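**Q** Provided herewith is a single structure, encoded as C-alpha cells, for subsequent inquiry.
Protein chains: 2
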Amino acid sequence: MSAGHTAVTTPVAGEPVITCETPQDECGVRDVLDRLGDKWSVYVVVELAAGVLRFKELQRAIPGDISQRMLTLTVRRLERDGLVKRTVHPTIPPQVEYELTDMGHSLTHLVKTLADWSIAHRPAIAAARETWDAAHPDSDVR
Amino acid sequence: MSAGHTAVTTPVAGEPVITCETPQDECGVRDVLDRLGDKWSVYVVVELAAGVLRFKELQRAIPGDISQRMLTLTVRRLERDGLVKRTVHPTIPPQVEYELTDMGHSLTHLVKTLADWSIAHRPAIAAARETWDAAHPDSDVR
DNA sequence: CTGCATCCGTACGGATACTG
DNA sequence: CAGTATCCGTACGGATGCAG
Chain A
58 MSAGHTAVTT PVAGEPVITC ETPQDECGVR DVLDRLGDKW SVYVVVELAA
108 GVLRFKELQR AIPGDISQRM LTLTVRRLER DGLVKRTVHP TIPPQVEYEL
158 TDMGHSLTHL VKTLADWSIA HRPAIAAARE TWDAAHPDSD VR
Chain B
58 MSAGHTAVTT PVAGEPVITC ETPQDECGVR DVLDRLGDKW SVYVVVELAA
108 GVLRFKELQR AIPGDISQRM LTLTVRRLER DGLVKRTVHP TIPPQVEYEL
158 TDMGHSLTHL VKTLADWSIA HRPAIAAARE TWDAAHPDSD VR
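One line per chain: the protein sequences are A and B, in this order.
Once you know that position 134 of the first sequence is 191 in this note's numbering, the rest is easy, because the numbers rise by one and skip nothing.
Once you know that position 104 of the second sequence is 161 in this note's numbering, the rest is easy, because the numbers rise by one and skip nothing.
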C-alpha cells in the first residue's frame, strides 16, 4: 500500500467498513466522542430521554454526584449543539426545565446501542482484564 | 417520584428505554465510554478493523499524528480489555502485529453506528452552534 | 522497529463562596 | 432554585531521550 491509510490488508467478511475518504480524516467518529465522551453528557441525555426535568431534578437523577458547575457546563454545551432545549420560567424562585430536542432524542438509539454492547461484553472484558493483570503484575498500564 | 432517578415524567413513544436498575448505576454506558472515549482508541479499532497492522503502520494510518507513547498506551489498554491481540515476531528488527479479537470486531458495528449518526447530524449541529454562538457573543462555554 | 522512562504543559473537573 | 466566579489538584497527552 502506498501512503498508509485505512489499510486494506486483510478485509474481514461481513464487517461494516468505516470509510475515511481522505487520510487525516476523522471519519466522523471523533465528532460524536468529543460531544459525548466527556464525563457527564451521556447521563444528561439518558435522564432527559425519560422526560422533562428541572435543574435540581437532573442533578439528583444523575449517578455519581455531578457538581453544579459541571451540570451547568454540560447542559450548556448540549444546548449549544441543539441537543437539549432549555426553557426558563421567570418565577420566584426561578424554574428552568430541560428536555431533549428531536435531534437529542435521536441520540437515544445510539446510547442504547452503547449500553447494550457494554452490558453484553462486560463479563468478557472483566475476565480479559484479570488474565492480563495476572500476567503483567507490575505494569502502569491501567 | 420518590427518590429521583430515571424520572418517568413524560415517557416518549417509540423511544428505547435505557434502564438503570439502581440509582447511582452507570447503565453500562460509562463503561464503553471509559474505554473508547479517550483520544485514540476508536481510531485504533477503525484501522485494525480493516486488517492486521504493525506498529508503525498503525501509527501512520491513524489520522492526527498520534505519538508513539500514546499509541503504545492505547494499544496496551485495548489488549488488556481483550479487544486487541498482539503477536510478537522475535526478529531483528522486531516485528509486532496488531489485530482485533472477535470481541474487538464486534465493536466495529458500534463504531459504525457512531460514525453514521455523526455524519447524519453534522450539518444540523454546526447550524445549531452558529445560532447559539451568535446569540451568546461572549460566553466561555465552548 | 518497537517500546520504556522521564519531564512538562494544559484541560478537565471538583470545591467553595457569592448573586438574582 | 439556578446559576456565576474563583481557586486548585489531577490526569491526560505531547516531546524527548535512551534501550533491546
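Using N, Cα and C, we set each Cβ at its ideal position, and we do this for glycine too.
Here the structure is a predicted model, which means the values were calculated and not measured.
1. If distances are taken between C-alpha atoms only, which option among A/L115, A/D122, A/R186, A/L167 comes closest to B/A172?
2. Can you give me the start and stop residues for the alpha helix (DSSP H) that B/H178 sits inside?
3. In three-state terms, what does DSSP make of A/L140?
4. With distances taken between CB atoms, is the gap from B/V86 to A/V99 smaller than 7 Å?
5. Taking the alpha helix (DSSP H) that A/D88 falls in, what are its first and last residues?
6. Terminal residues of the continuous alpha helix (DSSP H) containing B/R117?
7. Suppose the cutoff is 8 Å on Cβ atoms and the five residues either side in sequence are ignored; what does the same chain contact list for B/T148 look like?
8. Is it buried or exposed, B/R179, if we count other Cβ atoms within 10 angstroms and call 16 or more buried?
9. Does A/E72 have its Cβ less than 7 Å from a Cβ in chain B?
10. Assuming A/V145 contacts A/Y155 under a Cβ cut-off of 8 Å, what Cβ separation, rounded to an integer in Å, is found between them?
11. Using CA atoms only, rank isn't needed, just tell me which of A/T170, A/R92, A/R133, A/S196 is closest to B/D197.
12. At a CB-CB cut-off below 9 Å, which residues of chain B make contact with A/A191?
13. Using the DSSP secondary-structure output, state which residues sit across from B/E154 in a beta bridge.
**A** With the given structure in hand:
1. A/L167
2. Per DSSP, B/H178 belongs to the alpha helix (DSSP H) from 159 to 192.
3. coil
4. yes
5. 86 to 93
6. 112 to 118
7. none
8. Around the beta carbon of B/R179, fewer than 16 other beta carbons sit within 10 angstroms, so the residue counts as exposed.
9. yes
10. Rounded, the Cβ-Cβ distance is 10 Å, inconsistent with contact.
11. A/R133
12. None at all; the shortest Cβ gap to chain B is about 11 Å.
13. B/R111, B/T144
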